[in-house]
Structure formats: structure tokens, C-alpha cells
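To keep things clear, I will list the structure first and then write my remarks on it.
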Amino acid sequence: MQPDLELVHIRKGESFAAWTHGYPFRTVRWHYHPEYEIHLVVATSGRFYIGDHIGRFEPGQLIVTGPNLPQNWISDIEPGEIVPARSLVIQFPQKFVEDSIAGMAEMEAVVPLLERSRRGLLFDKGTSDTVRPLIETLIETRGLKRLALFWEILDVLATAPEPEVLASLSYELDLSNINEGGVNRAIAYLREHLTDDIDERDLAEMVGRSPSSFSRAFKRHTGTTLVRYRNQLRVDLACLALLTRPEVKIAEICYEIGFSNLSNFNRHFQKLKGMPPSQFRATFNANEAFRATG
3 MQPDLELVHI RKGESFAAWT HGYPFRTVRW HYHPEYEIHL VVATSGRFYI GDHIGRFEPG
63 QLIVTGPNLP QNWISDIEPG EIVPARSLVI QFPQKFVEDS IAGMAEMEAV VPLLERSRRG
123 LLFDKGTSDT VRPLIETLIE TRGLKRLALF WEILDVLATA PEPEVLASLS YELDLSNINE
183 GGVNRAIAYL REHLTDDIDE RDLAEMVGRS PSSFSRAFKR HTGTTLVRYR NQLRVDLACL
243 ALLTRPEVKI AEICYEIGFS NLSNFNRHFQ KLKGMPPSQF RATFNANEAF RATG
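So, in C-alpha cells, the structure goes:
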């Protein structure tokens with residue numbers, strides 16, 4: 003089965019993405035992206051897939067993956083259960099690190115790490131324990147300190163005890179048909195313009211299909227309609243804003259992500275997350291307070 007393309011959102015004025023996501027979540031599927039990823043599980047256990055490697059994970063698992071390496075983490079949870087914060091994630095473009103290495107000789111030290119990460123690297127518990135508070139601080143930090151923490155994390159990883167390599171030497175992803183039918187290209191465009199008023203006809207025209215043909219292909223590829231898929235993405239984006247920007251009012255987030263009115267936003271959020279936005283934010287804050295005192 004071909005993996006789906008995940009479009010990594012890097013905010014304006016930043017060089018990489020750093021965020022927390024819960025479970026279930028839109029990225030929890032067989033997917034790939036051109037960016038490197040540092041992925042630290044902080045809650046739940048389950049099964050994970052990296053390339054042609056399958057294994058079990060539990061809290062504390064720390065994995066680094068290279069560009070276009072398919073991956074997925076599936077947690078063992080009860081039906082209807084929602085985990086506010088399952089993973090800490092850093093995603094960074096290849097060009098960002100290549101430009102940094104070209105401009106600063108000291109950065110050469112991370113090259114072996116990045117090369118080996120193309121098959122996925124699983125680090126030991128000691129490294130995970132060292133990295134976790136750094137990632138948690140980085141997610142909440144802005145400006146130069148954020149950049150300093152990023153390079154500190156890479157330094158820890160580059161000098162850590164030898165990690166386990168996951169995907170086999172013979173594994174290689176065939177991307178030749180990854181955009182067959184244009185659906186992934188349409189999804190990528192939709193995610194880049196998530197707050198714009200784009201309908202199915204616009205996307206069908208962009209990929210050279212009739213609206214009815216595109217609609218069938220989209221539903222077959224995603225398992226849902228374009229409207230529901232877009233609402234899901236917007237609600238996921240709202241979750242990220244609710245967790246990382248506690249000072250912003252829920253109404254502001256509603257309009258910022260593309261919903262036209264607050265009641266419509268609340269209705270979709272409740273349906274998809276099983277609770278209103280205010281409760282989602284409060285639940286996460288309570289979880290953070292518990293962790294801080296634990």
C-alpha cells in the first residue's frame with residue numbers, strides 16, 4: 003500500500019516545526035514527508051511501522067527518521083478514548099540543515115546522524131530522558147533560544163550511544179506512482195491553502211479531472227468526502243493552536259483556521275474530538291499540570 007504524503011506546516015519566521023499531538027490524530031496513518039523527523043512518544047503503547055520494520059512502542063520511545071521514510075504509530079486505546087498528548091515531534095527540512103552545515107563547519111558533526119536516519123534510528127532510554135525536556139522547552143520557546151535548543155538536541159543525538167537501525171538495507175520506497183490520479187497533489191494544495199475557500203471543482207480542475215471523477219478518487223483515497231476531510235484538517239489545526247497558544251481566544255482560532263462562524267466550529271470540533279474546544283484545552287492543561295507535579 004502506498005503511503006500518503008503529509009504536508010509539514012512550518013510557520014512563517016521559523017526554520018522547522020515543533021509540536022505536540024494527541025491520539026487519534028490525522029498523521030496517524032501510513033505516511034511519509036520530505037522532512038527529517040524526531041519523534042518521542044510520551045503516552046500510550048502500541049505498534050509502530052518504519053519502512054519495512056514493525057515493532058512495539060511504549061512511552062519514552064525516541065526515533066529519528068530521514069526524508070520520505072514511511073512511518074506510522076498506532077496506539078492501543080479503548081474505543082472512543084482520546085489522548086491529549088501522545089507524541090512530541092520536531093520536523094525539519096533537508097535544505098535547512100544542509101545550508102546550516104555549509105555555513106558552519108561545526109555542524110558537520112551531525113552529518114553521520116542524518117545519513118543513518120534515512121532508515122530510521124531508535125535511541126536508548128537514557129538519550130530519550132535527556133532529549134525530552136529539551137523538546138518540551140523548545141515547543142514553548144520562540145526566537146534564537148528555539149534555534150539553540152534545536153542544535154543542542156541534534157548534538158545529544160549525534161553523540162548518543164549507537165542507536166538501533168530500523169528499516170532493512172534493501173528497503174527503498176518507490177515514489178514513482180505516489181501522485182497517481184493527482185489526489186495527493188490536490189491534498190497537498192488543500193493543506194497549503196486550508197483557510198481559503200476551495201471547493202471540489204477547483205481541485206478537480208487543478209489535477210485535470212472531472213468533478214465527479216475527482217470526488218470518487220478522493221473518497222477512495224481518503225475514506226471520506228472533501229468537506230469532511232477539510233473540516234478534519236481545520237479542527238486538527240485548531241487543536242494545535244489550542245495547545246500551543248493558550249493566550250488566544252477560541253473565537254479567534256475559529257476564524258483564523260477558516261470556519262465562518264463559532265457555532266459551526268464548535269459543532270464540528272465536538273463531533274470529531276468528542277468534546278468542545280474549551281474542554282479540550284482544559285483537559286490538556288490539566289494533563290500538563292499533573293505531569294509537572296508527578
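The number in my numbering is simply the position in the sequence shown, starting from 1, with 2 added.
Note that the Cβ used here is the ideal one computed from N, Cα and C, for glycine as well.
Keep in mind that this is a model prediction, so the values were computed, not measured.
Best match in the options for proximity to residue i [C-alpha to C-alpha]
i, options, result
"G82", "R283, L205 and L274", "L274"
"E60", "V44, S212 and V185", "V44"
"Y51", "Q272, P135, Y173 and S280", "Y173"
"E194", "L239, R218 and T227", "L239"
"E249", "R269, R283, M277 and G276", "R283"
"G15", "H41, L149, T246 and R58", "L149"
"W21", "R31, S215 and A243", "A243"
"P114", "P72, G128, E164 and R144", "E164"
"G62", "S212, K127 and K221", "K127"
"P279", "C241, D199 and R247", "C241"
"L116", "A219, M208 and Q96", "Q96"
"G276", "R13, I12 and F27", "F27"
Burial state of residue i, where buried means 16 or more other Cβ atoms lie within 10 Å
i, result
"I92", "buried"
"L151", "buried"
"P135", "exposed"
"R307", "Any answer about residue 307 is impossible in this case: the structure gives the chain only from 3 up to 296."
"V185", "buried"
"L192", "buried"
"A169", "buried"
"L146", "exposed"
"Q281", "exposed"
"R247", "exposed"
"S47", "exposed"
"R2", "There is no way to answer for residue 2, as the model of the chain reaches only from 3 to 296."
Other residues of its chain near residue i: CB distance less than 7 angstroms, five sequence neighbours each side excluded
i, result
"F267", "C256 and F261"
"R221", "Residue 221 is actually Lys in this sequence, not Arg. Only T227 meet the Cβ criterion."
"E202", "P213, F216, S217 and L228"
"P5", "W32, H33, Y34 and P72"
"L64", "L42, F125, T129, S130 and V133"
Nearest-angstrom beta carbon gap, residue j and residue i [assumed within contact, 8 angstroms]
i, j, result
"L123", "V85", "Not quite, the Cβ-Cβ distance comes to about 25 angstroms (not below 8 angstroms), so this is no contact."
"Y38", "G68", "6 angstroms"
"L90", "I137", "5 angstroms"
"G57", "L71", "The Cβ separation is near 15 angstroms, so there is no contact."
"H33", "E8", "5 angstroms"
"R49", "I76", "5 angstroms"
"M109", "S102", "5 angstroms"
Check whether residue i and residue j have beta carbons under 7 angstroms apart
i, j, result
"V237", "F271", "yes"
"F18", "F125", "no"
"A253", "L264", "yes"
"T197", "I259", "yes"
"P10", "H35", "For clarity, residue 10 is Val in the given sequence; the question names Pro instead. Taking 7 angstroms as the Cβ cut-off, V10 and H35 qualify as a contacting pair."
"V209", "R232", "no"
"T132", "V158", "yes"
"T129", "A162", "yes"
Residues near residue i in its chain [Cβ-Cβ closer than 6 angstroms; skip 5 each side]
i, result
"I189", "none"
"A111", "A160"
Sequence-distant residues of its chain with Cβ nearer than 8 angstroms to residue i (five each side left out)
i, result
"S215", "A206"
heavy atom of the ligand NAD below 6 angstroms from residue i C-beta
i, result
"N263", "The ligand NAD is absent from the structure shown, which contains no ligand whatsoever."
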